[in-house]
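First residue of the sequence shown? That's 88 in the numbering used here, and the numbers climb one at a time after it.
Even for Gly, the Cβ is constructed at its ideal location relative to N, Cα and C.
No experiment lies behind these values; they were computed from the predicted model shown.
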Amino acid sequence: MKFINKTLIGLLTTMLLLSTGCEKFLTEEPTSDLTNTTVLQDVTGLNLLLQGTYRMMRDGNNGSSDNPATSSPLGIKLLSTVSGLDMMVNQEQVGNNWYFYTYSNQRYDATSGVTSTMWTTMYRVINNTNIILENVDQAIGGQSEKNAIKGQALALRARCYFNLVRMYQHTYIIAKDKPGVPLQLTSDLNPKARATVEEVYNQIIADLTNAETLLIDFNRPSINYYNVDVVNFLLAEVYLTIEDWVNAQKYANRIRTNYELMTTGEYKAGFSSPNKEWVLGYEQGSQDYWWYDSPACWFDFGQNNAPWQAEQILPSNYFVEVIMKDDPRALFIENPLYPGKYAATKFRELRDEPPYGHLYDFRAAEMYLVEAEAAARQNDLQTALQVLNTLQQERGAAVTSTSSQEALIDAILLERRKEMWGEGLEWFDILRLQLSVERTSAQGHYQNVSVPKNSNKLILMIPEKEVINNRSLEQNPNPSQVPVFVP
């Protein structure tokens, strides 16, 4: 990992270390540089390093009018969503959104900016968490403070590896013995080979399980921070991906029973203010507004009050006219700029209430769907139907009624598309469920696309510079030479 090594040189003296007001760390400008000794010797310094790591994770790479911050949590969600069937990218635009939407080689190629940015951002965060984990136990400070720092660092590391292993290899069920990604667990950055997918998932689960114990008594100062609920949320997603239905249901249930669903009015309000359903989010201020990385910007065609309008992301006509017909969650209007197309009003800005809209990352509704699917996969149809119907009734949507396991699973997966449209599940569901992607102009799409299930276009190649500098790294197949996954 020679490239990663270079990015870490001088990290601790040039980090985005923010002011010590924890509640506002995401809305303040960096104010100071700290030396290694200062940062690592006590919990105050380690907390500052942790806050800078949060900021690094949240911001990813810098965005522009053509490309969002692709490696930020919301950037990943956006690229994931345009990989599916229900969203389009304006054909007059170019950039990473368009590449992901059309499955062009710029999406996955070893020389593409996408694969380099994803890899680099995740390992930068991982490297920071490793430094924190190596120093927290001997740092000066109370044990409860150390536990909180350690638990958050473990959760951040686990999420990065969860992102990486899903982006750079096929899903666990068919590829657990295949190369995943290098497991970098210390600040020793000597080049490493790719661990197997199973080994990576074992580490993810170990990190999250340890974090769960360490964060049990942690009262986070704001919704920006990872607490035990965020850990449970991640564990539910991880177990769903590896098809451990029992644990997926258990951890999803913990979130479902701890959080109320938004009302219909709150759902329609624009996802701009934290509410009772948000599990993780990012509060914005005038000094750290996301501009072209804000979801409202990308969906805005003049209707969402975004200060900047990228005019790029549209719902597919088929999704609006067929799948969401008569559904109260159909937050769409006729596109004011492109006749015959639609625009979404789901994501809005608050502008001056406060200065800018906040951003959500995790919300509880997804856990209703995880719990329902996990129960249905175990043939517990009564529980699955009850959980699904609770969500549907709260939304004022049509209620599912079926006695067939297969039909119920299909209904739950369709509900994921409806409830979570634009929220980043599609790419990873396509991989997890081994689905093909078939889009046509008849559905309102700008381009016909046909991607078979388990296509190698669905995963990213390892960045070329990493393979050059680390001879032990095995490259993923080039889809032009090996079109689909080979067991």
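Supposed close pair residue i, residue j - CB separation, criterion 8 Å
i	j	result
Glu324	Ile260	Their Cβ separation, rounded to whole angstroms, is 15 Å, which puts Glu324 and Ile260 out of contact at 8 Å.
Thr509	Lys412	For clarity, residue 509 is Gly in the given sequence; the question names Thr instead. With a Cβ gap of about 18 Å, Gly509 and Lys412 do not count as contacting.
Met349	Asn362	6 Å
Tyr369	Arg145	6 Å
Trp514	Ser191	At roughly 15 Å, the Cβ-Cβ gap does not stay under 8 Å, so Trp514 and Ser191 are not in contact.
Val554	Ala197	7 Å
Ile546	Gln271	About 20 Å separates the two Cβ atoms, so there is no contact after all.
Val130	Lys233	6 Å
Glu285	Asp264	7 Å
Glu398	Asn177	6 Å
Beta bridge counterpart(s) of residue i as assigned by DSSP
i	result
Thr283	Pro266
Glu421	Tyr429
Asp129	Ile227
Leu401	Met175
C-beta contact flag for residue i and residue j at 8 Å
i	j	result
Phe249	Leu321	yes
Cys247	Ile219	no
Val457	Leu327	yes
Thr216	Thr140	yes
Tyr425	Arg343	no
Gln534	Asn404	no
Leu495	Ala463	yes
Ile291	Gln128	no
Trp385	Leu172	no
Gln239	Tyr313	yes
Leu512	Ser490	no
Ile410	Arg504	yes
Pro402	Ala484	no
Glu221	Thr273	yes
Trp332	Ala461	yes
Val318	Ala242	yes
Three-way DSSP call (helix, strand, coil) for residue i in this model
i	result
Ser528	helix
Gly368	strand
Val571	strand
Val169	coil
Leu446	strand
Val252	helix
Met175	strand
Pro160	helix
Tyr360	Strictly speaking, residue 360 in this sequence is Ser, with Tyr absent from that position. Note: Ser360 maps to coil in three-state DSSP.
Gly108	Its pLDDT being 34, under 50, Gly108 is placed unreliably by the model, and nothing is read from it.
Val538	strand
Ile310	coil
Glu347	coil
Met548	coil
Gln193	helix
Phe434	coil
Asn563	coil
Val486	coil
Ala451	coil
Asn466	coil
Ser274	coil
Trp332	helix
Trp385	helix
Arg558	coil
Glu299	helix
Inter-residue spacing [alpha-carbon to alpha-carbon] between residue i and residue j
i	j	result
Thr296	Met548	30 Å
Glu299	Gln465	25 Å
Ile303	Thr487	36 Å
Glu602	Thr351	Because residue 602 is not part of the residues shown, which for the chain are 88 to 574, the question remains open.
Ala451	Arg558	43 Å
Val575	Gln336	Residue coverage of the chain in this structure runs from 88 to 574, which leaves residue 575 outside it and unanswerable.
Met175	Ala417	16 Å
Ser360	Leu446	8 Å
Arg526	Pro160	26 Å
Val201	Lys552	13 Å
Pro269	Pro539	28 Å
Asp275	Leu136	18 Å
Asp448	Val569	35 Å
Gly267	Glu421	43 Å
Gln562	Asn289	22 Å
Leu522	Asp497	13 Å
Phe358	Ala459	24 Å
Ser158	Leu478	31 Å
Met143	Thr208	8 Å
Val252	Pro564	15 Å
Trp185	Asn543	18 Å
Gln193	Asn183	8 Å
Any chain B beta carbon closer than 8 Å to residue i
i	result
Gln479	The structure shown contains no chain B; it is built from a single protein chain.
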